[in-house]
RNA sequence: GGUCCCUUCGUCUAUCGGUUAGGACAUGUGGUUUUCAUCCAUAAAAGAGGGGUUCGAUUCCCCUAGGGACCGCCA
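In our numbering, the protein residues as written are 210 to 667.
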């Protein structure tokens with residue numbers, strides 16, 4: 210165990226876990242596992258208005274589903290607020306921060322003015338030197354005004370920024386609560402985080418947080434900013450886009466290992482390898498393999514990878530997934546039908562891309578409806594069905610192997626092709642043209658049910 | 001608008017100065033098949049543009065163009 214390597218995934222519980230967050234969590238977790246370090250989960254719930262317990266639970270639950278399990282119990286940032294305030298006051302007394310009495314209206318005016326003049330808005334910092342007092346104030350960090358700061362990002366490489374572009378950011382709100390910049394810095398320090406792996410959208414924040422670290426004389430962690438996941442339109446993924454939350458994928462029957470595998474290969478690669486077991490991904494993952502450009506979500510690829518896992522997973526494991534999926538997202542299947550599905554599971558899984566496909570493929574077992582007879586079946590087909598029924602009437606469930614001969618006899622007798630026989634039988638037995646082979650249908654239904662369904666039409 | 005980042009087939013990506021620029025998904029075609037699917041084979045498909053450096057650039061540098069992120073008392 211390498212105790213020097215500690216990473217964290219720090220979502221805010223303001224919505225369900227989305228796909229970008231899941232990937233960040235995965236990369237953090239894989240990095241820690243690969244390095245023999247520690248992977249922690251910190252719930253950033255300092256925004257009281259938007260944070261919800263249900264989302265916190267949802268995020269933890271979803272990570273569990275993906276088998277991205279933190280090495281320690283989740284930490285709630287809100288429980289640490291006293292420490293954050295303490296640091297703010299410390300900064301204040303050391304002269305690294307100051308009280309700002311500017312009113313909301315005052316700042317709005319400044320913003321408007323710079324917008325009008327087409328200038329970038331940066332807080333003027335006028336309260337730094339003024340002796341203004343008042344009842345309401347925020348605490349701002351004294352950002353460096355000159356020089357440049359270099360961030361050696363583990364993914365992006367060297368990033369140099371002019372300090373003057375970083376404003377005196379707020380670290381304590383007027384209600385004396387800490388802002389994100391402060392809380393994140395303090396907690397990263399307290400939790401001894403060695404590597405901060407997060408989305409690219411945090412890059413500017415890093416320059417702010419580094420200054421807090423420097424002021425407090427804390428050791429600065431390493432940073433890795435991973436490119437964002439874009440929608441098909443090439444924009445940052447938003448709630449409006451389709452399939453943005455992990456739940457969206459769960460709902461259509463994507464397996465956790467498939468989603469993990471897909472997410473791993475989205476923005477990271479190892480040679481030509483596409484399919485990674487969990488063990489392999491831990492062994493092979495590294496920050497160097499992360500690309501620099503944002504990548505787009507591709508549902509076709511998700512489905513394709515899922516199909517690979519559906520085809521290759523051990524049958525019991527897959528059936529357990531299926532059962533769980535049905536209880537969570539579909540109407541209950543009665544025990545007899547479920548058992549039929551289980552004993553003939555390979556029939557249904559072989560033509561499925563998702564668990565939902567398996568469910569749909571097996572529908573004819575538990576959700577059989579008599580079809581519009583007149584429309585689909587003509588008289589000669591009806592005679593065929595009758596003949597077939599008569600021939601299989603004496604059969605028992607263990608005599609499936611005789612069906613093949615019976616069908617061959619009928620084909621010879623009537624001098625027809627299999628298609629002419631198969632089509633009506635398939636429709637009558639399943640209610641759809643797209644179903645497994647006749648043999649498989651009969652085996653999965655059982656002889657009695659087959660007879661029953663055939664006689665419905667005679 | 002300012003700051004920063006990015007740019008190889010439609011998509012995810014390989015290439016760490018010399019390759020017929022490779023793979024996967026999707027797509028087209030053909031074959032297997034008891035419908036549908038699977039499976040197999042095969043095809044088409046890419047270095048944004050312009051300058052350098054170099055014997056040689058997709059690869060290194062610069063410019064242009066395009067795209068993106070950030071610019072909250074949200075995180």
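Just so you know, even glycine gets a beta-carbon here, dropped at the ideal spot from N, CA and C.
Quickly, what does DSSP pair residue i with across the bridge? List them, please.
i	result
residue 371	357
residue 308	348
residue 387	381
residue 407	434
residue 505	439
residue 362	366
residue 248	216
residue 499	477
residue 445	439
residue 607	Looking at the DSSP assignment, residue 607 forms no beta bridge with any residue, so it has no partner.
residue 227	454
Pick from the options: whose alpha carbon is nearest that of residue i?
i	options	result
residue 441	242, 659, 509	509
residue 243	332, 622, 489	489
residue 255	247, 265, 249, 246	265
residue 480	469, 464, 470, 498	498
residue 665	291, 649, 647, 637	637
residue 590	578, 632, 398	632
residue 347	387, 541, 362, 247	387
residue 521	537, 560, 543	560
residue 579	543, 639, 541	639
residue 358	245, 412, 615, 606	412
residue 426	456, 460, 398	398
residue 656	606, 593, 587	606
residue 241	217, 305, 471	217
residue 407	537, 229, 326	229
residue 661	456, 634, 627, 629	634
residue 457	484, 417, 537	537
residue 470	476, 484, 577	484
residue 257	290, 246, 267, 270	290
residue 610	628, 652, 644, 293	652
residue 643	459, 543, 588, 566	566
Looking at residue j and residue i, is the spacing between their C-beta atoms short of 7 Å?
i	j	result
residue 233	residue 259	no
residue 670	residue 515	In the structure as shown, the chain begins at 210 and stops at 667. Residue 670 is therefore absent and cannot be evaluated.
residue 546	residue 575	yes
residue 409	residue 439	no
residue 279	residue 235	no
residue 389	residue 415	no
residue 518	residue 462	no
residue 213	residue 403	yes
residue 595	residue 667	yes
residue 274	residue 465	yes
residue 401	residue 215	yes
residue 570	residue 557	yes
residue 219	residue 251	yes
residue 225	residue 454	yes
residue 654	residue 598	no
residue 332	residue 320	no
residue 263	residue 221	no
residue 360	residue 496	no
residue 564	residue 531	yes
residue 436	residue 405	no
residue 592	residue 568	no
residue 282	residue 334	no
Quiz item: Is the number of C-beta pairs between the region 447–466 and the region 422–434 that are closer than 8 Å three or more?
Solution: no
Exercise. Determine, using beta-carbon pairs with one atom in the region 503–510 and one in the region 522–531, whether at least three such pairs fall under 8 Å.
Key: no
Quiz item: Are three or more beta carbon pairs between the region 369–383 and the region 352–359 nearer than 8 Å?
Solution: yes
Quiz item: At a cut of 8 Å, does the region 545–559 reach the region 594–606 through at least three beta carbon pairs?
Solution: no
Quiz item: Can you find at least 3 beta carbon pairs, one from the region 385–395 and one from the region 286–301, that sit closer than 8 Å?
Solution: yes
Quiz item: What residue ranges within the region 285–339 form continuous beta strand (DSSP E) runs of no fewer than 3 residues, ordered along the chain?
Solution: 306–309
Quiz item: Are three or more beta carbon pairs between the region 354–369 and the region 378–388 nearer than 8 Å?
Solution: They do not touch, by the three-pair rule.
Quiz item: Are the region 621–629 and the region 648–660 touching, with three or more C-beta to C-beta distances below 8 Å?
Solution: no
Quiz item: Counting Cβ pairs, one atom from each stretch, are 3 or more of them under 8 Å apart for the region 307–314 and the region 329–344?
Solution: yes
Exercise. May I have a chain-ordered list of the beta strand (DSSP E) segments no shorter than 3 residues that lie completely inside the region 509–546?
Key: none
Quiz prompt | 4 or more residues per run - each alpha helix (DSSP H) lying fully within the region 562–591 | solution = 564–570, 572–575, 582–585
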